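Take the sequence shown: its position 26, counting from 1, is numbered 26 in full-length UniProt numbering, and each next residue is one higher.
All C-beta atoms, glycine included, are put in the ideal place defined by N, C-alpha and C.
Fair warning: this is a prediction, and the values are worked out from it, not measured in the lab.
To start, the structure itself, in structure tokens.
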Amino acid sequence: MTRFSLKFLVFFMLVLMPISSFAKDKIMIIGDSLSAGYGIEQAQAWVNLLQNTYDSQQKSIDLINTAVSGQTTDNALLKIDAWLTAHKPSHVLIELGGNDGIRGFPVKLLRKHLLELVTKSQQAGAHVALMEIHIPPNLGPRYTTMFTQSYKKVSDETGAYLMPYFMIPIAVKPELMQKDNLHPNSEAQPLIRDFMEKEIDAWLMKTKDNV
Numbered sequence: 001m002t003r004f005s006l007k008f009l010v011f012f013m014l015v016l017m018p019i020s021s022f023a024k025d026k027i028m029i030i031g032d033s034l035s036a037g038y039g040i041e042q043a044q045a046w047v048n049l050l051q052n053t054y055d056s057q058q059k060s061i062d063l064i065n066t067a068v069s070g071q072t073t074d075n076a077l078l079k080i081d082a083w084l085t086a087h088k089p090s091h092v093l094i095e096l097g098g099n100d101g102i103r104g105f106p107v108k109l110l111r112k113h114l115l116e117l118v119t120k121s122q123q124a125g126a127h128v129a130l131m132e133i134h135i136p137p138n139l140g141p142r143y144t145t146m147f148t149q150s151y152k153k154v155s156d157e158t159g160a161y162l163m164p165y166f167m168i169p170i171a172v173k174p175e176l177m178q179k180d181n182l183h184p185n186s187e188a189q190p191l192i193r194d195f196m197e198k199e200i201d202a203w204l205m206k207t208k209d210n211v
């Protein structure tokens, strides 16, 4: 190797190293009203609060929020290809199923939709986390048990990271819920932010360990 080519190689490496070291994790959140900030100011919603935290800490993490109030798994399937193409996320967090469960959708259909959402995201090159949703017991213990178990089954089948549900410590405290007793209020949002910061950090660490 000539002296010129060696100098060029060193220069090339020095230029590329900072670029790669500052590559951002782009986390696309596919969710429903719980992540869309239903009933509160958007600036108060947990996704915005968490992005502010990342920015203040100068962490290279961008949250892309595609959550829509009332969204079901089949709704999301109609849009996920366009979202993946437009945003090219490195990570996809799926927080869906609550509306499916409240409407009594068949559990087999829920599992099929979740499997397709995870698979499409993985095929686009993204790491996927699947949040394990829990629903009220209105439809009976058999349905609610099968519903929640669907998430573990899809996680086992696809290798998606199974993330705990952020509403479990919130829903048991009436003072943190809106009057409908379904949606967290503004006081709950910082608690969800802290919960999700910890869980997302664990997930990102896991994906980096598996690279």
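Start and end residues, beta strand (DSSP E) containing residue i
i	result
residue 95	91 to 95
residue 26	25 to 31
Neighbour-count burial assignment, residue i, 16 or more Cβ in a 10 Å radius
i	result
residue 70	exposed
residue 125	exposed
residue 181	exposed
residue 50	buried
residue 141	exposed
residue 100	buried
residue 136	exposed
residue 133	buried
residue 164	exposed
residue 98	buried
residue 103	exposed
residue 159	exposed
For residue i, the three-state DSSP class (helix, strand or coil)
i	result
residue 54	helix
residue 151	helix
residue 181	coil
residue 126	coil
residue 167	coil
residue 116	helix
residue 121	helix
residue 47	helix
residue 186	helix
residue 136	coil
First through last residue of the alpha helix (DSSP H) which encompasses residue i
i	result
residue 206	189 to 209
residue 87	73 to 87
residue 37	No alpha helix (DSSP H) contains residue 37, which DSSP labels as neither H nor E.
residue 101	98 to 102
Other residues of its chain near residue i: CB distance less than 6 Å, five sequence neighbours each side excluded
i	result
residue 94	30, 117 and 130
Beta-ladder partner(s) of residue i, from DSSP
i	result
residue 62	26
residue 236	The requested residue 236 does not occur in the structure, where the chain is confined to residues 1 to 211.
residue 131	163
7 Å CB neighbourhood of residue i in its chain, flanking five on each side removed
i	result
residue 206	161
residue 150	107, 110, 111 and 114
residue 87	26, 28 and 64
residue 204	25
residue 77	113, 116 and 117
Cβ neighbours of residue i in the same chain (closer than 8 Å, five flanking residues each side left out)
i	result
residue 169	191 and 195
residue 177	170, 171, 183, 184, 185 and 188
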